[in-house]
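Protein chains: 2
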Amino acid sequence: MVSVTKLEPKGRLSSADWEQAALDTLAESGLGVVTVESLARRLGVTKGSFYWHFPTREALIKAALERWERRDEDEIMAQVEPIADPRARLRELFLRVSREMQSHVIYAALMQSLDHPLVKPVMTRVSQRRLDVLTLAYRQAGFDRRAAAHRARLAYSAYTGFLQLSLQLGLPRLNHEEFEAYVEHVITTLIPT
Amino acid sequence: MVSVTKLEPKGRLSSADWEQAALDTLAESGLGVVTVESLARRLGVTKGSFYWHFPTREALIKAALERWERRDEDEIMAQVEPIADPRARLRELFLRVSREMQSHVIYAALMQSLDHPLVKPVMTRVSQRRLDVLTLAYRQAGFDRRAAAHRARLAYSAYTGFLQLSLQLGLPRLNHEEFEAYVEHVITTLIPT
DNA sequence: CGTGAGCCATACGCGACAGTATGGAACTCG
DNA sequence: CGAGTTCCATACTGTCGCGTATGGCTCACG
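Chains as they are written, first to last, in my numbering: chain A, 10 to 202; chain B, 10 to 202.
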């Protein structure tokens, strides 16, 4: 069954429905499949509906990106920042990322579309914020400015690289046990005492 | 000057010319710009020329990928494998990658196009080979199977993640000095004594 | 009940790109 | 020198996706 036609028999649609459908399709198939007619099929309507809610495809992408960026910011970041001990905060960051992959799937899909003019600034902001959070934690853990920047960069590179390898390339086929062991290895390697 | 029209006034073209132009465009602008007419403009000819050398666009991409994969394999890998000491071999691998970015630019561009059916198997092979080289080196350095696999995965994730951050996102703007310091940090962190 | 606003279907135009058909220029070699 | 091979230009078709135009359905509300 190739047809992923999720004909949601809802009555009328709102702008938010289109944005959510865009994010779902983005996570499943990438930005290239986020087309007007593809989303219309998914929602069980035609283009006529779309162009009532949005003036253009770019407007939908822009709105969907803003929605994701907002959700990402206070779902992931805000919940970890209040942790006082910087090492515990770093560890919690790593553990959080290793679970609830849902938000990271979209992150990885967007990293695949950095050539798109609307995507790049968003990912630059998001990545810079996350790098800042990491750098601050390392600084509070006692590292000087230079060392903290290096460790933060290495940790974040490992994050985005791992997503690319496992989600897009599907390289390792880690089962749950192996994955947990790997995460623990990464934590002990990147958060030294 | 937006026009990157490199009108090479060469006489006739060969299949290899088209493959090289495809790799160049791939490195500069991504696979999406590797179109028949775009390459034709770059080479100063028209589509009529292309379809004499290749039956289809996919055939060109396939040939260009094989060319790159072959070149990559014996340029990067074969020159490092003969190093006897595994730690020195790892260090040399990291240092090599940090220079001559030319081949890695194409690697990064291809990682952005993993959704393409011709690209994914190539990148899977290449990545698996590199992972194997890393794993073997770590094993020879004294780590058990599990630890070596973890370290290799972390190192390779850091590699592909760093490429994505610096080349596609253009995040840090590291000058030469900072970059060397970062590479040294990565080496000491990922190749423990 | 009917009227206007909100939501959607249908049909069309347009540009980008893949691929085809065909003729022509240039080079080679007997 | 002439005939065949090689390489390329021109002109065409077909498809896909964006965007527009226009009309119809449905529900709220006076």
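The beta carbon of each residue, even a glycine, is placed where N, CA and C say it ideally should be.
(message) Assuming the contact rule is C-beta atoms closer than 8 Å, L9(B) and A117(B) should be a hit. Round their C-beta distance to whole Å, please.
(response) Because chain B is modelled from 10 through 202, residue 9(B) falls outside the range shown and cannot be assessed.
(message) Taking beta-carbon pairs under 9 Å, can you tell me which members of the region 103-124 of chain A lie near chain B?
(response) So the list reads M120, Q121, S122, L123 and D124, given in the order they occur along the chain.
(message) Comparing C-alpha positions only, which one of A72(A), V192(A), R162(A) and D124(A) sits nearest to S38(B)?
(response) The residue labelled residue 38(B) in the question sits at position 29 within the second sequence. By alpha-carbon distance to S38(B), the top candidate from A72(A), V192(A), R162(A) and D124(A) is D124(A).
(request) Identify which residue in A68(A), S107(A) and D81(A) has its Cα closest to the Cα of L176(A). (result) What you label residue 176(A) is simply residue 167 of the first sequence in a count that begins at 1. Nearest of A68(A), S107(A) and D81(A) to L176(A), Cα basis: S107(A).
(message) If you reduce the DSSP assignment to three classes, tell me which class L123(B) lands in.
(response) Counting from 1 along the second sequence, the entry for residue 123(B) is found at position 114. Here L123(B) sits in coil by DSSP.
(request) Over the uninterrupted alpha helix (DSSP H) stretch that includes T55(B), give me the two end residues. (result) If you number the second sequence from 1, residue 55(B) lands on position 46. In this chain, T55(B) is not harboured by any alpha helix (DSSP H), its DSSP state being neither H nor E.
(message) Below 7 Å, is the gap between the Cβ of L40(A) and the nearest heavy atom of the ligand FAD?
(response) The ligand FAD is absent from the structure shown, which contains no ligands of any kind.
(request) Work out the CA separation of L102(A) and E189(A) for me, nearest whole Å. (result) For the purposes of this step, residue 189(A) is taken as the residue at position 180 of the first sequence. For the purposes of this step, residue 102(A) is taken as the residue at position 93 of the first sequence. E189(A) and L102(A): Cα-Cα distance of roughly 14 Å.
(request) Measuring alpha carbon to alpha carbon, tell me which of P95(A), I70(A) and R98(A) ends up nearest S24(A). (result) Numbered from its first residue, the first sequence carries residue 24(A) at position 15. Residue I70(A) is the option with its Cα nearest to S24(A).
(message) When you compare the CB positions of V43(A) and T34(A), do they come within less than 8 Å of one another, or not?
(response) The residue labelled residue 43(A) in the question sits at position 34 within the first sequence. The residue labelled residue 34(A) in the question sits at position 25 within the first sequence. For V43(A) and T34(A), yes; Cβs fall inside 8 Å.
(message) Against chain A, with Cβ distances strictly below 8 Å, would H62(B) count as a contact?
(response) Counting from 1 along the second sequence, the entry for residue 62(B) is found at position 53. No, H62(B) lies away from the interface with chain A (no Cβ there is under 8 Å from its Cβ).
(request) Given a cut-off of 8 Å, decide if L178(A) and H113(A) are closer than it, judged by their beta-carbon atoms. (result) Locating residue 113(A) in the first sequence gives position 104, counting from the first residue. Locating residue 178(A) in the first sequence gives position 169, counting from the first residue. In this structure, L178(A) does not lie closer than 8 Å to H113(A) by Cβ.
(request) Confirm, please, whether the CB-CB distance from L127(B) to L174(B) is below 8 Å. (result) Your numbering for residue 174(B) matches position 165 in the second sequence. Your numbering for residue 127(B) matches position 118 in the second sequence. The answer is no: Cβ separation not under 8 Å.
(request) Check V11(A) in the structure and name its three-state DSSP category. (result) As a working mapping, residue 11(A) is identified with position 2 in the first sequence. A caution first: V11(A) carries a pLDDT of 39, below 50, which makes its placement in the model too unreliable to give a value.
(message) Rounded to the nearest angstrom, what separates D153(B) and R160(A) at their Cα positions?
(response) As a working note, residue 153(B) is residue 144 in the second sequence. As a working note, residue 160(A) is residue 151 in the first sequence. Between D153(B) and R160(A), the C-alpha separation is close to 25 Å.
(request) Could you list which residues in chain B have their beta carbon closer than 8 Å to that of L174(A), in chain order? (result) Residue mapping note: residue 174(A) aligns to position 165 of the first sequence, counting from 1. What L174(A) touches in chain B: S136, R162, Y165, S166 and T169.
(message) Would you call the region 86-103 of chain B in contact with the region 134-150 of chain B, where contact means no fewer than 3 C-beta pairs closer than 8 Å?
(response) Yes, they touch.
(request) Go ahead and label N184(B) buried or exposed: buried means 16 or more other beta carbons lie within 10 angstroms of its beta carbon, across all protein chains shown. (result) Position 175 of the second sequence, counted from the start, is the residue given in the question as residue 184(B). A residue is called buried once 16 or more other Cβ atoms fall within 10 Å of its Cβ, and N184(B), having fewer, is exposed.
(message) Tell me the residue span of the alpha helix (DSSP H) that contains V195(A).
(response) For the purposes of this step, residue 195(A) is identified with residue 186 of the first sequence, where counting begins at 1. It spans H185 to L199 - the alpha helix (DSSP H) in which V195(A) sits, taken as one unbroken run.
(request) Determine the extent of the alpha helix (DSSP H) in which I92(B) is found, giving its start and end residues. (result) Here the question's residue 92(B) lines up with position 83 in the second sequence. I92(B) -> no alpha helix (DSSP H), and no H or E assigned at all.
(request) Determine the burial state of W61(B): buried for a count of at least 16 other Cβ atoms within 10 Å of its Cβ, exposed for fewer. (result) Counted from its first residue, the second sequence places residue 61(B) at position 52. Around the beta-carbon of W61(B), fewer than 16 other beta-carbon atoms lie within 10 Å, marking it exposed.
(message) Spatial neighbours of W77(B) within its chain, please: C-beta separation below 7 Å, excluding the five flanking residues on both sides.
(response) Start at 1 with the first residue of the second sequence, and residue 77(B) comes out as number 68. Taken in chain order, the residues that qualify are L32 and I115.
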